[in-house]
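Chains as they are written, first to last, in the numbering used here: chain Z, 8 to 333; chain A, 8 to 333.
Take a look at the structure below.
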């Protein structure tokens, strides 16, 4: 059966950093994100007789070799779980520009999970899709839902999945600043592994992340932007601090990262609530109020070209599509 | 009795960050530094009958009010310890340009301690001077000696002082990059206090600092620049990481700080041993081999004007002067 779906990117406010189980992608700590409306991936999956391998067309290009290996492994899992052994024709289109400063793996595996689950006749409930998406990319587990989403770390495959926390129907925005579009030198996977294995600060990070999560949930329910922003910013800094204590130490920060952080601090000194967060790269995202977006873009445009600035709003969860992916 | 002395700045390779006793300036961890030849302070102390307060002439200017308070407090301690109650005429000259990226408090209080101890007839042994200097500024305790110096944290006033570790008679250099000459927004004192009180990473920092110290001493004795540099760099990063986990979080880093760090990483990729360290400010110091200074300056001059670059070599300990301070 043919199935097509769409899922959106998300930004973690309480970060996922470190795996307890690299095979099952079970995280060391629970995390929390906001799904965004700006960028998404659309994917169709069609199991077909007669294929000798999965055929993956990404953004109009037929993938081969190493670039298709991660999707193959994921589809093998789908076949194993569904008991249906056909290979599939997969068509996927990323509406996540490289210059946006967002990774496409979260929206990519969330949408592939939804399309594959339906195409292979599997459980399509939110929890089931979240569990499945997690196996492709940890953060994809959260892109199944819209608004604020919590990924409960769990203790095994069955108990590690995301749940919606708040639909984010309040006027918050995320301004993304793409500081550097070059591919990073240290992948998230490698960065996590090194931090878990060698950072003396990592055990404290785990405790702090759980504590931050417990504090941010009530702040989200109260729609308290300042509290949400402060907790998220401090959480991001602690994650990056844990990397600085790794052996050998490393950082994803660059000059532009410092510039955006200083812009945020300066904006707050002017009374504008505006909080930064950064993932495994130099790019920075600013959480702010819808009303302040204009002023924030104005300040940032002193340092960054407009094409590196993107405004996103809370986005929806995964959805099925009627029309084929173009 | 009139006495005059000279002492040099030092750079910590294992950082001092946090006080166990703010009154006595007892540190939370032992630290280790290299005394440098580039910058120094000269100070004379002359106890005089008939003065109603200490008279402090700094760099040709008679100090008054708040700027003399710290020196007054220190001289009160000298009077209390010596049992001699005369006020003094103090003449001090800092050969530490603001643009150098070095603070003058270490050389300043080391030299004041030496001059005052002799002028007031006190114990002028190294340990006694180090203890006394510590009361003016923690890092001054280390500027009593030349070369590599360890400040043993101790448990009380008597046991907290510096000892020489190695005369540093090997061809090492320190290149200082003054990234920003503006006064910092958060003083060392305030930054330490906030980190000790609020950073969840701070207890780990303390353990790591003691561990780094135990590892750097044999590396110094072996004249192993790579090992010394790696330990020092990692130690500095952990100190700055502890600040990122403070509440509220803070950092002394700026864009230029990242630039120098990236230069160092790039130089190492070219096979040039070169390791960074940063204190309570955005400026960066690079530990390197004498032979590579030219190449390092060349690389840095792509990003920084030559007047912000200073080359320092291992320097001597405190010494008494025969001629008056000009």
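Beta carbons are placed, not taken as given, at the ideal position from N, Cα and C, and that holds for glycine.
Note that this is a predicted model, so its numbers are computed, not measured.
query                                                                                                                                                                                       : result
Which residues in the same chain as residue 127 of chain A place their Cβ atom closer than 6 Å to its Cβ, once the five residues preceding and following it in sequence are excluded?       : 85, 89, 91
Please compile the residues from chain Z whose C-beta is within a distance smaller than 7 Å of the C-beta of residue 251 of chain A.                                                        : 244, 245, 247, 248
Whose Cβ in chain Z lies nearer than 7 Å to the Cβ of residue 280 of chain A?                                                                                                               : Simply none; closest approach about 14 Å.
Do residue 99 of chain A and residue 129 of chain A have their CB atoms nearer than 8 Å?                                                                                                    : no
Among A/53, A/264, A/107, whose alpha-carbon lies nearest the alpha-carbon of residue 82 of chain A?                                                                                        : A/53
Cα-Cα, which of Z/144, Z/136, Z/28, Z/149 is closest to residue 322 of chain Z?                                                                                                             : Z/149
Let's test the definition: count the other Cβ atoms within 10 Å of the Cβ of residue 152 of chain Z and tell me whether it reaches 16, buried, or not, exposed.                             : buried
May I ask which residues mark the beginning and end of the beta strand (DSSP E) holding residue 49 of chain A?                                                                              : 38 to 54
When the Cα of residue 139 of chain Z is compared with those of Z/307, Z/111, Z/166, Z/228, which residue comes out closest?                                                                : Z/166
Of all the residues that make up the region 254 to 285 of chain Z, which are near chain A by a beta-carbon distance shorter than 9 Å?                                                       : 254, 255, 256, 258, 260, 261, 262, 263, 264, 265, 266, 268, 269
If you count every other CB in all the chains shown that lies within 10 Å of the CB of residue 8 of chain Z, and 16 or more means buried, which is it?                                      : exposed
Please list, in chain order, the residues of the region 188 to 219 of chain Z that have any C-beta partner in chain A closer than 7 Å.                                                      : 207, 208, 211, 215
Less than 8 Å between the beta carbons of residue 158 of chain A and residue 37 of chain A, yes or no?                                                                                      : yes
Does residue 273 of chain A pass the burial test, meaning 16 or more other C-beta atoms within 10 Å, or should it be called exposed?                                                        : exposed
Pair every Cβ in the region 183 to 203 of chain A with every Cβ in the region 184 to 196 of chain Z, then say whether three or more of these pairs are closer than 8 Å.                     : no
Below 7 Å between beta carbons is the criterion; list the residues of the region 14 to 48 of chain A that meet it against any residue of chain Z, in chain order.                           : none
Could you give the distance in angstroms between the alpha-carbon of residue 329 of chain Z and the alpha-carbon of residue 49 of chain Z?                                                  : 12 Å
May I ask you to list the residues that DSSP assigns as paired with residue 34 of chain A?                                                                                                  : A/26
Which whole-angstrom value describes the C-beta separation of residue 289 of chain Z and residue 264 of chain Z, a residue pair presumed to lie in contact below a C-beta threshold of 8 Å? : 5 Å
Report back the beta-carbon spacing between residue 249 of chain Z and residue 212 of chain Z to the nearest angstrom; my notes put them in contact at under 8 Å.                           : 4 Å
Here's the rule I'm using: 16 or more other beta-carbon atoms within 10 Å means buried, otherwise exposed. How should residue 142 of chain Z be labelled?                                   : buried
Is residue 121 of chain A near residue 14 of chain A, with beta carbons less than 8 Å apart?                                                                                                : yes
What's the call for residue 276 of chain Z, buried or exposed, on a 16-neighbour Cβ count within 10 Å?                                                                                      : exposed
Starting from residue 171 of chain A, trace the beta strand (DSSP E) both ways and give me its first and last residue.                                                                      : 168 to 173
For a test of the three-state rule: what should DSSP assign to residue 292 of chain Z, helix, strand or coil?                                                                               : strand
Pairing CB atoms from the region 69 to 80 of chain A with CB atoms from the region 28 to 44 of chain A, are three or more of them under 8 Å?                                                : no
Does the region 171 to 185 of chain A touch the region 292 to 310 of chain A, meaning 3 or more C-beta pairs lie closer than 8 Å?                                                           : yes
Just to confirm, is the Cβ distance from residue 325 of chain Z to residue 12 of chain Z under 8 Å?                                                                                         : yes
Does residue 241 of chain Z come within less than 8 Å of chain A when only Cβ atoms are used?                                                                                               : yes
Assign residue 326 of chain Z to one of three DSSP states: helix, strand, or coil.                                                                                                          : strand
Buried or exposed: residue 256 of chain Z, going by 16 or more other Cβ atoms within 10 Å of its Cβ?                                                                                        : buried
Assign residue 97 of chain A to one of three DSSP states: helix, strand, or coil.                                                                                                           : strand
Within the same chain, show all residues whose beta-carbon is closer than 6 Å to that of residue 246 of chain A, passing over the 5 residues directly before and after it, in chain order.  : 22, 24
Sort out for me which residues DSSP pairs residue 17 of chain A with in a bridge.                                                                                                           : A/42
Rounded C-beta distance between residue 156 of chain A and residue 40 of chain A? I'm assuming under 8 Å.                                                                                   : 5 Å
Starting from the Cα of residue 132 of chain Z, find the closest Cα among Z/117, Z/144, Z/316 and give me that residue.                                                                     : Z/117
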